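Let me begin by presenting the structure, written as structure tokens, before commenting on it.
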Amino acid sequence: MARKFCILGKEILPGQSVELSMDVAKLHTHTPVQVPVFVERSLKDGPILLLMAGMHGDEINGMEIIRRVIRKKWNKPIAGTIVCLPVFNIFGYLNLKRELPDGRDLNRSFPGSKNGSLASQFAYQFMSQIAPNVDIVIDFHTGSAQRSNIAQIRCLLSDPVSMELAEVFSPPFIVHSGYISKSVREALNKMGKKILLFEGGKTNSIDETIVEEGLMGIQRILNHFHMKSFKLEPVENDPIIIKSSKWLRAPLSGVFHSEVKNGQYVEKGDLLGFVSDPYGSSERKIKSNSNGYIICTNEAPLVNKGDAIFHIGSALNTDKIKETE
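Next comes the structure, spelled out in structure tokens:
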């Protein structure tokens, strides 16, 4: 007997293809704002996978990844069910802003409440109507502002199931990340769900390299769970596992020039870049204070003193250091 599957108050039968909407709020004009949710269920039972993006309205890479999944019809499984939520924070997306109109970060509002702030209502609807009905979640993000992340999966290294899934996804980097209070990762973990957080690129842009990494990872996950059957080339290099990381900050305000690339291995004392004044009278060199990989770079041309400019990650096994250009 087929497993019963309901989402957003609707039962999805085997073989059904359904477009639903999560209704949370209205615009000032009383026009309802609907969050589209695409559901594809196979005739054959299997895992229920949720692909979601747009938690922050200006993080476009993840939305583009899921758009291409739908366009390519990869979301039509041969077993199990695939749920696609391409644009979660529809308010932020309309304004190309990270936050909701109330200024709150949706990813710091979980599990939410029915009658709370707008962000809290969004979180509540997701946690009550969608989250209980899925098995695995892949949440797509980018770096904030002008900070560009190398393609990476963030998860808890001590969680063997999450690590197995991260290694199946096989991004260039797997970064240890604890659960942040009131984030969707923390809320889903408490619910007993497995979630991978993909990070790549920066806001308000589409980076083809990042999009391709995301698409390849999704293909590997779908193959792993026998939800699709893609012919894939073997992965050339295992992901580099980052056990810890720290930010290097701008020593003063000025024009920022980077001398390194995302993913590059650096050693303590290496020149990473410099900050200058706009008049050519002074420059301040920025040198690495540790050995590790550059997993995020600030691409802003102007920085203020204290701005995060390089995120340097220490590899779990330094004996297996490899260059990633």
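One rule links them: number in my numbering = place in the sequence shown (from 1) + 1442. For glycine and all other residues, C-beta sits at the position ideal for the given N, C-alpha and C. Here the structure is a predicted model, which is why all the values come from computation and not from measurement.
### Query
Do residue 1573 and residue 1505 have their C-beta atoms within less than 8 Å of each other?
As a position in the sequence shown, residue 1573 is number 131, starting the count at 1. As a position in the sequence shown, residue 1505 is number 63, starting the count at 1. Not in contact: residue 1573 and residue 1505 (Cβ atoms no closer than 8 Å).
### Query
In the structure shown, what three-state DSSP assignment does residue 1666 receive?
Along the sequence shown, read from residue 1 onward, the residue named residue 1666 stands at position 224. DSSP places residue 1666 in helix when its eight states are reduced to three.
#### Entry: residue 1472 classed as buried or exposed, judged by whether at least 16 other C-beta atoms fall within 10 angstroms
For this step, residue 1472 is matched to residue 30 along the sequence shown. Classification of residue 1472: exposed, given that the 10 Å Cβ count is below 16.
#### Entry: Pick from 1621, 1660, 1619, 1522 that is closest to residue 1512, judged by C-alpha positions
Start at 1 with the first residue of the sequence shown, and residue 1512 comes out as number 70. Closest option to residue 1512, Cα to Cα, is 1660.
### Task
Compare the beta carbon distance of residue 1636 and residue 1603 with 8 Å and say whether it is the shorter of the two.
If you number the sequence shown from 1, residue 1636 lands on position 194. If you number the sequence shown from 1, residue 1603 lands on position 161. Contact flag set, yes.
### Task
Express the C-alpha separation of residue 1644 and residue 1590 in angstroms, rounding to a whole number.
Counting from 1 along the sequence shown, the entry for residue 1590 is found at position 148. Counting from 1 along the sequence shown, the entry for residue 1644 is found at position 202. So the alpha carbons of these two residues sit roughly 4 Å apart.
### Query
Is any beta-carbon of chain C found at less than 8 Å from that of residue 1714?
No chain C appears in this structure, which consists of one protein chain only.
#### Entry: Sequence-distant residues of the same chain with beta carbon closer than 6 Å to residue 1738, five excluded per side
As a first step, residue 1738 is located in the sequence shown; it is residue number 296 there, counting from the start. Once the five neighbours on either side are set aside, the close Cβ partners of residue 1738 are 1585, 1589, 1591, 1753.
### Query
Where does residue 1474 fall in DSSP's three states?
Numbered from 1 along the sequence shown, position 32 holds the residue referred to as residue 1474. Three-state result, residue 1474: strand.
#### Entry: Member of 1706, 1672, 1667 whose CA lies at the smallest distance from the CA of residue 1657
Position 215 of the sequence shown, counted from the first residue, corresponds to residue 1657. The shortest C-alpha separation from residue 1657 is found at 1672.
### Message
At the level of alpha carbons, what is the spacing between residue 1476 and residue 1529?
### Response
In the sequence shown, the residue the question calls residue 1476 occupies position 34. In the sequence shown, the residue the question calls residue 1529 occupies position 87. A straight line joining the alpha-carbon of residue 1476 with that of residue 1529 spans about 10 Å.
### Task
Specify the secondary structure class of residue 1761 as computed by DSSP and reduced to three states.
Position 319 of the sequence shown, counting from 1, holds the residue named residue 1761. Reliability of the predicted coordinates at residue 1761 is poor, the pLDDT of 43 falling under 50, and the value obtained from them is presented with this limitation in mind. In this structure, residue 1761 counts as helix in the three-state DSSP scheme.
### Alpha carbon of residue 1747 to alpha carbon of residue 1499, nearest angstrom
Mapped onto the sequence shown, residue 1747 falls at position 305. Mapped onto the sequence shown, residue 1499 falls at position 57. Approximately 27 Å between the Cα atoms of the pair.
### Message
For residue 1626, tell me which candidate among 1618, 1451, 1638 has the shortest Cα-Cα distance.
### Response
On the sequence shown, residue 1626 is found 184 positions in, with the first residue counted as 1. Looking at the Cα atoms, 1638 is the closest of the given residues.
#### Entry: Spatially closest choice to residue 1740 from 1558, 1750, 1678, by CA coordinates
Translated into positions along the sequence shown, residue 1740 becomes position 298. Residue 1750 is the option with its Cα nearest to residue 1740.
### Query
What is the DSSP secondary structure of residue 1766, reduced to helix, strand or coil?
In the sequence shown, the residue the question calls residue 1766 occupies position 324. A caution first: residue 1766 carries a pLDDT of 35, below 50, which makes its placement in the model unreliable, though a value can still be read off. In the structure shown, residue 1766 sits in coil (DSSP, three-state: anything other than H, G, I, E or B).
### Query
If residue 1577 and residue 1519 are in contact, beta carbons under 8 Å, what's the gap, nearest whole angstrom?
Locating residue 1577 in the sequence shown gives position 135, counting from the first residue. Locating residue 1519 in the sequence shown gives position 77, counting from the first residue. Going by Cβ atoms, the distance from residue 1577 to residue 1519 rounds to 13 Å, so no, they are not a contact pair.
### Task
Report the partner residues of residue 1735 according to the DSSP bridge assignment.
Residue 1735 sits at position 293 when you count from the first residue of the sequence shown. Answer by DSSP bridge pairing, in chain order: 1707, 1755.
### Message
Tell me which residues share the same chain as residue 1720 and place their Cβ nearer than 8 Å to its Cβ, disregarding the 5 neighbours each side in the sequence.
### Response
For this step, residue 1720 is matched to residue 278 along the sequence shown. Correct list, in chain order: 1696, 1697.
### Task
Answer with buried or exposed for residue 1711, where buried requires no fewer than 16 other C-beta atoms within 10 angstroms of its C-beta.
By one-based count along the sequence shown, residue 1711 stands at place 269. Exposed, since its Cβ has fewer than 16 Cβ neighbours within 10 Å.
#### Entry: Limits of the alpha helix (DSSP H) - the one that residue 1560 falls within
Numbered from its first residue, the sequence shown carries residue 1560 at position 118. That run of the alpha helix (DSSP H) goes 1560-1571.
#### Entry: Pick from 1502, 1460, 1568 that is closest to residue 1483, judged by C-alpha positions
The residue you call residue 1483 lines up with position 41 of the sequence shown. For residue 1483, the nearest C-alpha among the options comes from 1460.
### Task
Measure the C-alpha to C-alpha separation of residue 1524 and residue 1624 and round it to an integer number of angstroms.
For the purposes of this step, residue 1524 is taken as residue 82 along the sequence shown, with counting starting at 1. For the purposes of this step, residue 1624 is taken as residue 182 along the sequence shown, with counting starting at 1. For the pair residue 1524 and residue 1624, the Cα-to-Cα distance works out to about 26 Å.
### Where the beta strand (DSSP E) through residue 1688 begins and ends
In the sequence shown, the residue the question calls residue 1688 occupies position 246. 1682-1691 is the span of the beta strand (DSSP E), which, as asked, contains residue 1688.
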